[in-house]
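*Asks:* Numbering (our numbering), first residue to last: 7 to 623.
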């Protein structure tokens with residue numbers, strides 16, 4: 007195929023012919039990259055010039071396009087609200103089993119509601135690999151359409167009885183400062199296995215866990231639920247054989263859900279499949295109960311759930327629906343000044359041609375799965391609504407390319423589903439985003455995501471009054487240090503310690519941070535917020551935290567998120583982006599138990615400031 011023909015074919019299927027470089031130039035992608043991306047999109051390159059399959063071709067926009075608008079609660083037209091953000095697993099309590107669970111979430115809803123919060127923001131609750139619990143990143147789930155059973159509060163189930171030996175094991179799990187995912191999974195699944203046959207005989211009747219509701223849940227879940235449960239069974243079986251939890255390492259005749267070998271396996275494991283469907287139902291029931299508790303506690307938004315941008319390449323989702331996902335390419339990011347070689351996130355993404363196809367499209371099913379519990383959802387990497395950077399298998403990230411997605415259709419689906427569930431939508435619009443995306447999201451009533459340390463320009467930190475109205479403002483996220491840690495430069499030190507940034511760049515970042523600290527003090531003082539003369543110890547840094555939260559509370563942004571880790575003054579970050587084995591990402595617990603949160607001086611001061619700056623109206 008000639009170069010011009012290849013370019014025409016690439017453009018037809020939404021492939022951008024250039025990508026950005028670290029020095030902000032547009033670099034032409036190679037012919038090899040075009041061919042690999044076309045193959046990933048399942049386009050037959052040699053004879054594809056006459057085909058119209060794959061990603062939708064670009065069509066001229068109509069002269070007057072009607073914008074699909076997502077749901078916004080009426081009460082937000084006259085008030086601004088705040089809530090608390092956290093990782094569910096990080097909650098410690100006197101009763102949980104070494105990991106925060108749905109009962110802890112309910113208790114947290116009671117507490118936050120009593121303090122005046124209108125929502126609780128959570129990192130994804132998507133289904134992980136139960137057979138490999140240490141694959142614990144919530145942003146690399148096995149499936150985004152199902153829940154994490156490790157969050158089930160087993161002690162709240164009918165028929166549960168604790169033994170002295172079990173309590174001893176649970177006490178040991180509670181005392182760790184990192185979540186022991188393998189230990190938690192082993193104990194929870196063992197106890198749940200013991201409860202399953204008793205419950206299956208319908209001898210444990212409880213209003214909250216009605217067997218008829220389980221039967222209806224299974225019918226509603228259909229093949230998606232059945233295949234996810236079947237995947238979990240196979241995953242455990244393959245781990246026992248030494249093949250691993252992910253399907254890409256399984257024997258070839260088990261790598262397709264519709265093979266004869268898989269059908270034979272399912273016939274021999276009907277009860278096991280039922281058990282894993284039951285786990286999903288238990289998680290569903292308890293998350294619904296937590297959502298109800300949030301509303302009862304006076305939260306007008308309730309739970310705010312996060313959607314990961316992709317799924318594990320070898321998980322339940324890609325195994326169950328292979329025709330829905332990209333083949334031979336993963337989601338990443340092009341080279342930029344902070345990652346000069348680009349990034350490969352090793353995540354599977356939907357095919358552009360499949361993501362919005364059909365009445366119950368994959369995208370619709372995914373967002374519906376979250377919105378059924380939530381008053382708000384956040385779309386991680388909102389640029390994916392318009393484009394994704396795809397890295398071909400076996401290539402480096404600088405050998406990838408941007409591919410267009412059907413943005414108008416995805417926004418339409420968001421509008422329809424958010425209206426159906428009365429759920430507002432937040433788009434994480436940070437990093438490399440397409441030109442005009444933020445304007446398009448605002449027009450669609452999708453809230454922007456504004457982090458204090460990112461809201462800077464040549465003059466310093468932006469004043470509070472220039473923040474957009476349609477936005478969620480926050481100090482930091484799970485990918486950042488607390489504000490006190492940022493002030494100390496702990497994030498810069500961590501990147502150096504883990505070999506992410508070289509020494510010369512680290513020195514520059516430390517110098518830049520000195521300037522940023524001066525600029526932040528200037529911005530806070532200009533806003534009329536008092537600060538100690540020197541910010542050098544824990545007490546003065548707490549004063550900084552309170553002032554910074556007052557600052558973002560004064561923005562016009564409809565939502566403000568208060569990070570719980572800020573209020574408990576955590577010294578260890580949740581996650582250090584760019585690390586895998588050198589830091590225990592997604593494992594650190596909060597240093598303050600749920601029962602003791604009200605004794606935290608910072609929690610009292612910051613939540614009081616929130617009530618003063620954003621009183622309920």
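Virtual Cβ for every residue (Gly too), placed ideally from N, Cα, C.
Which first and last residues belong to the beta strand (DSSP E) in which residue 352 is found?
*Replies:* The count along the chain shown starts at 1 and reaches residue 352 at position 346. Here the beta strand (DSSP E) through residue 352 covers 349-354.
*Asks:* According to DSSP, is residue 325 part of a helix, a strand, or is it coil?
*Replies:* Taking the chain shown and counting its residues from 1, one reaches residue 325 at position 319. Helix, per DSSP.
*Asks:* Tell me which same chain residues have a C-beta within less than 7 Å of the C-beta of residue 622, skipping the five on either side of it?
*Replies:* Counting from one through the chain shown, the residue named residue 622 turns up at place 616. Excluding residues within five positions, the ones whose Cβ falls inside 7 Å are 122.
*Asks:* Anyone know if the C-beta pair for residue 99 and residue 599 falls short of 8 Å?
*Replies:* One-based indexing of the chain shown puts residue 99 at position 93. One-based indexing of the chain shown puts residue 599 at position 593. Result yes, Cβ atoms of residue 99 and residue 599 sit closer than 8 Å.
*Asks:* DSSP on residue 335, reduced to helix/strand/coil?
*Replies:* Against the chain shown, residue 335 aligns to sequence position 329. Of the three classes helix, strand and coil, the one that applies to residue 335 here is strand, per DSSP.
*Asks:* May I ask you to list the residues that DSSP assigns as paired with residue 125?
*Replies:* Numbered from 1 along the chain shown, position 119 holds the residue referred to as residue 125. Note: residue 125 sits in a beta bridge opposite 308.
*Asks:* Taking Cβ positions, are residue 75 and residue 500 nearer each other than 8 Å?
*Replies:* Along the chain shown, one-based indexing puts residue 75 at 69. Along the chain shown, one-based indexing puts residue 500 at 494. Their beta carbons are not under 8 Å apart, which means residue 75 does not touch residue 500 by this criterion.
*Asks:* Please report how far the alpha carbon of residue 275 lies from the alpha carbon of residue 566, in whole angstroms.
*Replies:* Against the chain shown, residue 275 aligns to sequence position 269. Against the chain shown, residue 566 aligns to sequence position 560. Roughly 48 Å separates the two Cα atoms.
*Asks:* Can you tell which of 280, 236 and 171 has the C-alpha that lies nearest to the C-alpha of residue 271?
*Replies:* Numbered from its first residue, the chain shown carries residue 271 at position 265. The shortest C-alpha separation from residue 271 is found at 236.
*Asks:* Quick check on residue 566: does DSSP put it in helix, strand or coil?
*Replies:* Here residue 566 corresponds to residue number 560 of the chain shown, with the count starting at 1. The answer is strand: DSSP assigns residue 566 an E or B state.
*Asks:* Taking only runs that begin and end inside the segment 412-466, name each unbroken beta strand (DSSP E) of 3 or more residues, in chain order.
*Replies:* Taking only runs of at least 3 residues, the beta strand (DSSP E) segments lying wholly in the segment 412-466 are 430-433 and 454-457.
*Asks:* Shortest alpha-carbon distance to residue 393 belongs to which of 25, 582, 15 and 14?
*Replies:* Counting from 1 along the chain shown, the entry for residue 393 is found at position 387. The shortest Cα separation from residue 393 among 25, 582, 15 and 14 belongs to 25.
*Asks:* Does DSSP classify residue 152 as helix, strand or coil?
*Replies:* Counted from its first residue, the chain shown places residue 152 at position 146. Residue 152: strand per DSSP, three-state reduction.
*Asks:* Bridge partners for residue 398 per DSSP, in chain order?
*Replies:* By one-based count along the chain shown, residue 398 stands at place 392. According to DSSP, which records beta bridges pairwise, residue 398 is partnered with 335.
*Asks:* Quick check: what's the CA-CA separation for residue 21 versus residue 215?
*Replies:* As a working mapping, residue 21 is identified with position 15 in the chain shown. As a working mapping, residue 215 is identified with position 209 in the chain shown. Going by the C-alpha atoms only, they are around 49 Å apart.
*Asks:* Could you tell me whether the segment 404-421 touches the segment 463-473, where touching means 3 or more Cβ pairs closer than 8 Å?
*Replies:* They do not touch, by the three-pair rule.
*Asks:* Determine the contact status of residue 572 and residue 551, defining contact as a CB-CB distance below 8 Å.
*Replies:* Reading the chain shown from its first residue, position 566 is the one you call residue 572. Reading the chain shown from its first residue, position 545 is the one you call residue 551. Their beta carbons are under 8 Å apart, which means residue 572 touches residue 551 by this criterion.
*Asks:* What alpha helix (DSSP H) runs, 4 residues minimum, are completely inside the segment 488-513?
*Replies:* Those alpha helix (DSSP H) runs which fall completely within the segment 488-513 and span 4+ residues are 489-494 and 496-503.
*Asks:* First and last residue of the beta strand (DSSP E) that includes residue 24?
*Replies:* Numbered from 1 along the chain shown, position 18 holds the residue referred to as residue 24. Counting along the chain, the beta strand (DSSP E) containing residue 24 begins and ends at 24-26.
*Asks:* Please classify residue 366 as buried or exposed, where buried requires at least 16 neighbouring CB atoms within 10 angstroms.
*Replies:* Stepping through the chain shown from its first residue, residue 366 is reached at position 360. Exposed: under 16 other Cβ atoms inside 10 Å.
*Asks:* Please state the DSSP three-state secondary structure of residue 603.
*Replies:* Start at 1 with the first residue of the chain shown, and residue 603 comes out as number 597. Residue state, collapsed to three classes: helix.
*Asks:* Quick one: what does DSSP say residue 620 is sitting in, helix, strand or coil?
*Replies:* Taking the chain shown and counting its residues from 1, one reaches residue 620 at position 614. Three-state result, residue 620: coil.
*Asks:* Kindly list the residues whose CB is nearer than 6 Å to the CB of residue 162, restricted to its own chain and excluding five residues on each side of it in sequence; keep chain order.
*Replies:* Walking along the chain shown from the start, residue 162 turns up at place 156. Counting only Cβ-Cβ distances below 6 Å, and skipping sequence neighbours, we find 109.
*Asks:* Of the choices 28, 14, 7 and 8, whose alpha-carbon is the least far from that of residue 345?
*Replies:* By one-based count along the chain shown, residue 345 stands at place 339. Residue 345 has its Cα closest to that of 28, out of 28, 14, 7 and 8.
*Asks:* Ends of the alpha helix (DSSP H) at residue 202?
*Replies:* By 1-based counting over the chain shown, the position of residue 202 is 196. That run of the alpha helix (DSSP H) goes 187-206.
*Asks:* Residue 167: buried (16+ other C-beta within 10 angstroms of its C-beta) or exposed?
*Replies:* Indexing the chain shown from 1 puts residue 167 at position 161. Residue 167 should be labelled exposed.
*Asks:* Helix, strand or coil, according to DSSP, for residue 176 in the structure here?
*Replies:* On the chain shown, position 170 is the one that residue 176 refers to. Residue 176 falls in the helix class under three-state DSSP.
*Asks:* Where does residue 302 land, buried or exposed, given buried means 16+ other C-beta within 10 angstroms?
*Replies:* Sequence index remark: in the chain shown, residue 302 carries index 296 (1-based). Residue 302 comes out exposed.
*Asks:* Tell me the DSSP secondary structure of residue 119 in three-state form.
*Replies:* Working through the chain shown from its first residue, we reach residue 119 at position 113. Three-state DSSP puts residue 119 in a helix.
*Asks:* Bridge partners for residue 479 per DSSP, in chain order?
*Replies:* Residue 479 sits at position 473 when you count from the first residue of the chain shown. 456 and 566.
*Asks:* Under 8 Å, with one C-beta from each stretch per pair, do the segment 275-286 and the segment 87-107 reach the 3-pair mark?
*Replies:* Touching, no, given that fewer than three Cβ pairs across the two stretches are closer than 8 Å.
*Asks:* Using the Cβ count rule (16 or more neighbours within 10 Å means buried), how would you classify residue 604?
*Replies:* Working through the chain shown from its first residue, we reach residue 604 at position 598. Exposed: under 16 other Cβ atoms inside 10 Å.
*Asks:* For the alpha helix (DSSP H) that residue 106 lies in, which residues bound it at each end?
*Replies:* Working through the chain shown from its first residue, we reach residue 106 at position 100. Looking at the DSSP string, residue 106 is not in any alpha helix (DSSP H), and its letter there is neither H nor E.
*Asks:* Bridge partners for residue 318 per DSSP, in chain order?
*Replies:* As a working mapping, residue 318 is identified with position 312 in the chain shown. Beta-bridge pairing links residue 318 to 353.
*Asks:* So is residue 436 in contact with chain B if we call contact Cβ pairs under 8 Å?
*Replies:* Absent from the structure: chain B. Only one protein chain is present.
*Asks:* In the DSSP assignment, find the unbroken beta strand (DSSP E) run with residue 92 in it and report its ends.
*Replies:* Along the chain shown, read from residue 1 onward, the residue named residue 92 stands at position 86. Start and end: 87-92.
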